[in-house]
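> What follows is a single structure, and I will ask about it in a moment.
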Amino acid sequence: MVDNAIRLLKDLIAVDSVNPSLVAGAAGEAAVARTITEAMRGLGLKVEVQEVAPGRPNVVGTLDGRTPGRSLMLCGHIDTVGVAGMKAPFNPVEKDGRIHGRGSQDMKSGVAAMIDAARVIAESGGLAAGQLLIACVVDEEHASIGADALVTRWRADGAVVTEPTDLQIAIAHKGFEWVEIETEGRAAHGSRPREGRDAIRLMGRVLHGLDLLDRDLQSRPPHTLLGTASLHASLIEGGRELSSYPDRCHLQMERRTIPGEAPGAAAREVEGLLTKLRADDADFKAASNSMFARSPYEIAADHALPVAAMRALGTVAPGHPGTLAPSGMSFWTDAAILGDAGIPSILFGPAGAGLHSVEEWVDARSVVQ
352 MVDNAIRLLK DLIAVDSVNP SLVAGAAGEA AVARTITEAM RGLGLKVEVQ EVAPGRPNVV
412 GTLDGRTPGR SLMLCGHIDT VGVAGMKAPF NPVEKDGRIH GRGSQDMKSG VAAMIDAARV
472 IAESGGLAAG QLLIACVVDE EHASIGADAL VTRWRADGAV VTEPTDLQIA IAHKGFEWVE
532 IETEGRAAHG SRPREGRDAI RLMGRVLHGL DLLDRDLQSR PPHTLLGTAS LHASLIEGGR
592 ELSSYPDRCH LQMERRTIPG EAPGAAAREV EGLLTKLRAD DADFKAASNS MFARSPYEIA
652 ADHALPVAAM RALGTVAPGH PGTLAPSGMS FWTDAAILGD AGIPSILFGP AGAGLHSVEE
712 WVDARSVVQ
């Protein structure tokens, strides 16, 4: 017999929900939100749809207990990254205990498990007390406008974000900041070096400084669960033609942050580097700008939420390494937004591999667990 969670997972994979902010003209989340709305209403949940942007709705289902009590939110995103290079991304295939397809691991499996958890509770007589919220949000793969909107209307005493963690209870993850840098040169014919100033070579000085900064970051004492902060140069462009001195070079970099670092650290580090380069060369011209940032997240290991989650994991997966100690995730998640809004949160989700790749899959048994 096909498990209800696996059936729902396949239904969700079959619906294209590629994030339109990542891929121009992509389907977005409207269709998969309708599938989720229908599934939750079929379980008797109270369902509310929050239109975050045109055609991009959050869906929140609520299961109320018979008496007042504490509330728990299960939260997952319903958008996916693009499908370039995939042969049949929306055709879920089950083979050797694995479900393949775009979003199978990241993270329609977590969403299916959330909804099926509500089904199990509802069919077992419902909640004795409190409230269960099933929050399905848009746009996590880009700017997380879904989670930002969610916390303006809903609150809970705790939350589980069902990102794929290989059945590990994760209590921390990294943050990030994107910074752009532009060096200014002087355009001239390639045969006239006294007239031209090479903006790309000037950016080379910046890149050298960033390399030294990254080495310093990775030499610092690591976070217990997350390791060290880091940075990398992500995108660079400059120049117009081979026979001309480039008058500008534009770089976009990413700085990964860890708990304990002050907000805006990356922007300050970059501006400090540029200030030094200007001091070394009065003709050096460059500017920087912080494009976007998301904070890291951490909850205490002895908080009641991860303690209860590890105890529960021991009942469904006895002996699993996740029952021994909490872990951390290197990637950023919506848990940071929930945490910043005052909702204690952890990460817990199924096992699999290939997120954001052409071969994405999730372990079916872990979805059910």
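This note's numbering applies: residue 352 is where the sequence shown begins, and numbers increase by one.
C-beta atoms are modelled at their ideal positions from N, C-alpha and C, and glycine is treated no differently.
Please report the straight-line C-alpha distance between H746 and S542, rounded to a whole angstrom.
The structure shown has nothing for residue 746, since the chain only spans 352 to 720.
> Please determine, among G406, E491, A479, A378, the residue with the shortest C-alpha to C-alpha distance to M458.
Of the candidates G406, E491, A479, A378, the one whose C-alpha sits nearest the C-alpha of M458 is E491.
> Alpha carbon to alpha carbon, what distance is there between W529 and E535?
Each residue's Cα considered, the two are about 20 Å apart.
> Return the chain-ordered ranges of every beta strand (DSSP E) run that is complete within the segment 632-715 and spans a minimum of 3 residues.
If we require 3 residues or more, the beta strand (DSSP E) runs fully inside the segment 632-715 come out as 637-645, 678-680, 696-698, 712-714.
> Please identify the residue among L359, H524, V658 whose C-alpha is closest to the C-alpha of A580.
Of the listed residues, the one whose Cα sits closest to A580 is H524.
> Hey, I485 and L396: beta-carbon distance below 8 Å or not?
Yes, Cβ-Cβ distance for I485 and L396 is below 8 Å.
> Ignore the nearest five residues each way along the sequence and tell me which others in V725's own chain have a CB closer than 7 Å to its CB.
Outside the modelled stretch of the chain, which goes from 352 to 720, sits residue 725, for which no answer is possible.
> Tell me whether I650 counts as near the ligand PLP, meaning its Cβ is closer than 7 Å to at least one heavy atom of that ligand.
Among the components modelled here there is no ligand, and therefore nothing to report on the ligand PLP.
> From R599 to L625, what distance separates their C-alpha atoms?
Answer to the nearest angstrom: the Cα atoms are 15 Å apart.
> Classify F643: buried if its beta carbon has 16 or more other beta carbons within 10 angstroms, exposed otherwise.
Answer is exposed; the Cβ neighbour count stays below 16.
> Which same chain residues, not among the five before or five after K636, have their C-beta less than 6 Å away from its C-beta?
Same-chain partners within the cutoff: E535.
> For N355, which of helix, strand or coil comes out of DSSP?
Of the three classes helix, strand and coil, the one that applies to N355 here is helix, per DSSP.
> Identify, in the order they occur along the chain, each residue of the same chain with its Cβ nearer than 8 Å to the Cβ of A381, setting aside the five sequence neighbours on each side.
Hits under 8 Å: G406, R407, P408.
> Does DSSP put D567 in a helix, a strand or coil?
Helix.
> Could I get the ranges of all uninterrupted alpha helix (DSSP H) runs contained in the segment 504-577, with 4 residues as the minimum, in chain order?
For the segment 504-577, whole alpha helix (DSSP H) runs of length 4 or above, ordered along the chain, are 550-570.
> Assuming G560 and G481 are in contact, meaning their beta carbons sit under 8 Å apart, how far apart are those beta carbons, in whole angstroms?
The Cβ separation is near 53 Å, so there is no contact.
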